[in-house]
Amino acid sequence: MEERLPPAAIAANTNNDPPPPPPPPPAAPPHTTTTGAPNDERALQRLQSPSHHQRRKTYIIQIPKDQIYRVPPPENAEIMNQYRNPDPKKRGRCNRCVCWIFLVLVVVALIAGAMAAIYDLTLNPKAPNFAIKNLTIKYPKKSSNSHPTSYEILLEVENPNKVNCIGYEEGNVWILFKGNVLGKGEFPVLEQQGKGLDEVDMLLAVSTKCKLPKEIKQLSMKSSKSKKKQREISFSLKMSVRVKLKTWISTKSLDVSVMCDFVVTSLAEDADVKSQKCETVDS
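Residue numbers for the sequence shown follow full-length UniProt numbering, beginning at 1 and rising by one.
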C-alpha cells in the first residue's frame, strides 16, 4: 500500500533539489562600421576560413642602418679653411709671380719681333721693280723714211728695300712684237740706295733679221696729240739682269728675269704707255 506524505513534506523535498541553470547572457549588439552599417558577415567568414589562414605568409624586413665608411681627417678642414680664407701674403706672392711671368713673355715676344724685322729688312731683301715710261723709234737725222736705227726705252727702276742697297750689273734687254725680236741692247750699270727710284734710258739696236712692221711704222709717224682715232699696239720687253743685294752682314747676288707686256698708242717722245704688266722673277 502506497504511503502518502503530507503536503508540507512534499514541499520540503522539492526545496532540496538543485537550483536551475542561470539564463544565457544577452546577445551582443551587432558590430557597426563608422557609417553605421552592419559589418559584412561574409568577409568575417572568409577571414575565419582555414584556406585564408593557409595563404598568409610571414615576411622579415631588415632596414639598413646609416653607415659611416670613413671619417675625414682633420687636415681636410684646415685645407678648406685655407682655400676659403687665403692668406693675403700668399696672394701677393702669386700676383707677383704672375706679373713676372707675363713680363718675361712680353720681353720674349718683343725680342722675337725685333729679330723678325731685322731679318726681313736685312737678310731677306726684295727684288727690284720695273715699269716702262716711254717707247720711241730713232731714225737717221737725214730722213725719217729710211730704216730706223734704234728703239729708245725709258724705264723706271725702284728699290723696294728700306735699308738694303742694290747694285745692277750689265744685262741683256730685248724688245719684241708678236713674238719677234725687234731690237736688242744692254742694261746699264746702276747703284741704288734704299727706297731709291731712278729712270734708266736704254737704246736697243734694231735687229737686221726682222723688218719694221707696217703698223709700227705708221704709228711712229703720228703725233701723240693727233685727234684721229689712235691705234693700240702691244709690245713685250724682256730683260735678264744680274743684281747684288747688299745687306749689313753680306752681299747676295741674284739673276733677275723681267718680262713686261705693255700697250702704246703712239711712239712719239711725249707719249705715255697706256697699260702694262711687269713680272720679276729672281733665281
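Note that CB positions come from ideal geometry on N, CA and C, so glycine has one too.
As the structure is a prediction and not an experimental result, all values here were calculated from the model.
In the three-state reduction of the DSSP assignment, Arg-96 falls in the helix class, which pools H, G and I.
Counted as a single uninterrupted DSSP element, the stretch harbouring Ile-63 is not any alpha helix (DSSP H), since DSSP gives it neither H nor E. Across the structure, Lys-217 and Thr-136 are spaced so that their CA atoms are roughly 11 Å apart. The alpha-carbon separation between Thr-280 and Cys-165 amounts to approximately 18 Å. Your pair Lys-126 and Asn-180 does not check out as a contact, with CB atoms roughly 33 Å apart and the cut at 8 Å. Gln-192 counts as buried, since no fewer than 16 other beta carbons sit within 10 angstroms of its beta carbon. If only uninterrupted alpha helix (DSSP H) runs of at least 4 residues are considered, those enclosed by the segment 202-281 are 214-221. Here the segment 242-255 does not lie against the segment 201-219, with fewer than 3 beta-carbon pairs under 8 Å apart. For Glu-152, the uninterrupted beta strand (DSSP E) segment begins and ends at 150-158. For Tyr-139, no beta strand (DSSP E) run applies, since DSSP gives it neither H nor E. Assignment of Ala-127 by DSSP, reduced to helix, strand and coil, places it in the coil class. Asn-180: member of the beta strand (DSSP E) spanning 180-187, first to last residue.
Taking C-alpha positions only, Leu-219 is separated from Asp-270 by approximately 14 Å.
Here Val-106 carries a helix assignment [DSSP, helix/strand/coil]. If you draw a straight line from the Cα of Glu-156 to the Cα of Met-202, it comes to about 11 Å. Taking Ser-283 as the centre and dropping the five residues before and after it, the same chain places the C-beta of Asp-255 closer than 6 Å to its C-beta, in chain order.
Taking the Cβ atoms as the reference, Met-239 lies roughly 6 Å from Phe-187, within the contact range of under 8 Å.
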